[in-house]
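Notes follow the structure.
Residue numbers (my numbering): 4 to 478.
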């Protein structure tokens, strides 16, 4: 196999894997409906030929040996229909390609769960590297330290990868992580999410139970031990050693003495009831302490499977985090601007609690864009009210692609704003156009001179509003 073609090459994971294959000597090309920086620039710099828009003629011209079909591709896509009609080209999902061409026979460290996957994956890569290991990795984000989102590593090293429960492709509705066959599996937490493909939490758990059964008896499963429901079914489903991590005294690895400050947090870790290590680093929020504990144990198990407590994992203080996770975009005396990827109400709530603890003297203002498939649906309306109720002012952007969502399946942002104002004392507004919201936001910022903390929550670009706001108030 010499030539690999990616359908949906502009996605973070697809583009990163495409670049990695190019570096490994493959000829790589691909298409996407729209290609934007920074991925379009990265693909061009890597010498990868791309087409904007989908057309069956691209496949005829490229004549690849293998086609990788991204999970954004659905039936009706002209390239997908050509593949199915002609059946002359072999095609696979991205997770299948990752398994066969990147992970191979190496030990896989798979990080799964509703929250914290990207940060924990990047942190394990960082800690293993500091320990003298050169692991392969695939991170669905951009590490602040500048190392690439995808890296092959040494052939005898482990491969560290996020395990997403979303489906693999239109022809393979199994969760992506099923393809990765973990030796060390992390389930950081588990909540209902991806309401577009899962019916309820039981349905989500069913997919994770399949994953747990793929871990060998010699492997390890690391879970959030503070979640009694998760701990119960993992133990019942597992043939592997289960390690619990959390704040409770019964956990195998316990987080103690957690405290936050403006420049990060500190805490201590115990293992099997004995002092293990002290951590002081630039990341904040209790959920990041749990990410750190998970990463520390996974690293120690990779280095010393029989007795991880002997390993004193180091390097937390040098970890710079991942972009768009409580990322400070602007720091001025009167205005602090933070960008965060939060698109689930639990993550948003915990992030706001952390920011309020770290910056108690600043008014907490929030801009929220309902963009992910789950965030645009009404399933979490009550939870969104609870999370956004921690703010003092709140602007809710138009629901992403609202014109494609029936009223009964669309988040009612006007009702959320009204409830926030009436019942929670939040100065909240819901907007039907982004430019109208932008005008309202700037009017509020210009009128209020007291110190403010403005947080943007989105898993997209927020229509460029974040960049424009940072540019406007940097002057």
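Glycine included, each C-beta is placed from N, C-alpha and C at the ideal position.
Item	Value
Enclosing beta strand (DSSP E) for residue 273 [first to last residue]	267-274
Cα-Cα separation, residue 117 to residue 105	24 Å
Rounded Cβ spacing between residue 127 and residue 301 (contact assumed at less than 8 Å)	5 Å
Supposed close pair residue 142, residue 121 - CB separation, criterion 8 Å	6 Å
Residue burial classification, residue 257 (beta-carbon count within 10 angstroms, cutoff 16)	buried
Helix, strand or coil at residue 242 according to DSSP, with G and I counted as helix	coil
Presumed contact (8 Å Cβ cut-off) between residue 21 and residue 46, rounded CB distance	7 Å
Start-to-end residues for the beta strand (DSSP E) that takes in residue 55	52-55
Range of the contiguous beta strand (DSSP E) that encloses residue 258	256-264
Simplified DSSP state of residue 305, which is helix, strand or coil	helix
Residue range of the unbroken alpha helix (DSSP H) whose run includes residue 17	15-26
The alpha helix (DSSP H) enclosing residue 98, as first and last residue numbers	97-100
Rounded C-alpha distance that separates residue 219 from residue 348	34 Å
Through-space distance from residue 371 to residue 28, alpha-carbon basis	42 Å
Coil, strand or helix - residue 10 by DSSP	strand
Residue 201 - DSSP class collapsed to helix/strand/coil	coil
heavy atom of the ligand FMN below 7 Å from residue 286 C-beta	Only the bare structure without any ligand can be found here, which leaves the ligand FMN out of the picture.
Bounding residues of the alpha helix (DSSP H) (the contiguous stretch that carries residue 128)	120-133
Expected contact under 8 Å - CB spacing of residue 75 and residue 11 to nearest Å	5 Å
Cβ contact (3+ pairs, closer than 8 Å) linking the segment 213-227 and the segment 168-183	yes
Close Cβ partners of residue 524 (< 8 Å) along its chain, the five nearest in sequence each way excluded	Because the chain is modelled from 4 through 478, residue 524 falls outside the range shown and cannot be assessed.
Residues that DSSP places opposite residue 144 in a beta bridge	Bridge partners of residue 144: none, in fact.
Segment limits, alpha helix (DSSP H) that includes residue 388	384-391
The beta strand (DSSP E) enclosing residue 43, as first and last residue numbers	Unbroken run through residue 43 is the alpha helix (DSSP H), 42-48; no beta strand (DSSP E).
Three-pair Cβ contact test at 8 Å for the segment 440-458 versus the segment 354-372	yes
Segment contact, 8 Å Cβ cut-off, at least three pairs: the segment 328-336 with the segment 157-173	no
Bridge partners - residue 278, DSSP secondary structure assignment	273
7 Å Cβ shell around residue 123 - same chain, five flanking residues per side excluded	114, 189, 191, 294, 297, 298
Buried versus exposed call for residue 208 [16 or more other C-beta atoms within 10 Å across all chains shown]	buried
In DSSP terms, what residue 223 is bridged to	187, 244
Cβ shell of residue 430 (< 6 Å), same chain only, five flanking positions each side left out	396
Burial state of residue 39 (16 or more Cβ within 10 Å)	exposed
From 468, 93, 240, 363, residue whose alpha carbon lies closest to that of residue 401	468
Helix, strand or coil at residue 234 according to DSSP, with G and I counted as helix	helix
Residues bridged to residue 249 (per DSSP)	257
Three-pair Cβ contact test at 8 Å for the segment 310-320 versus the segment 276-283	yes
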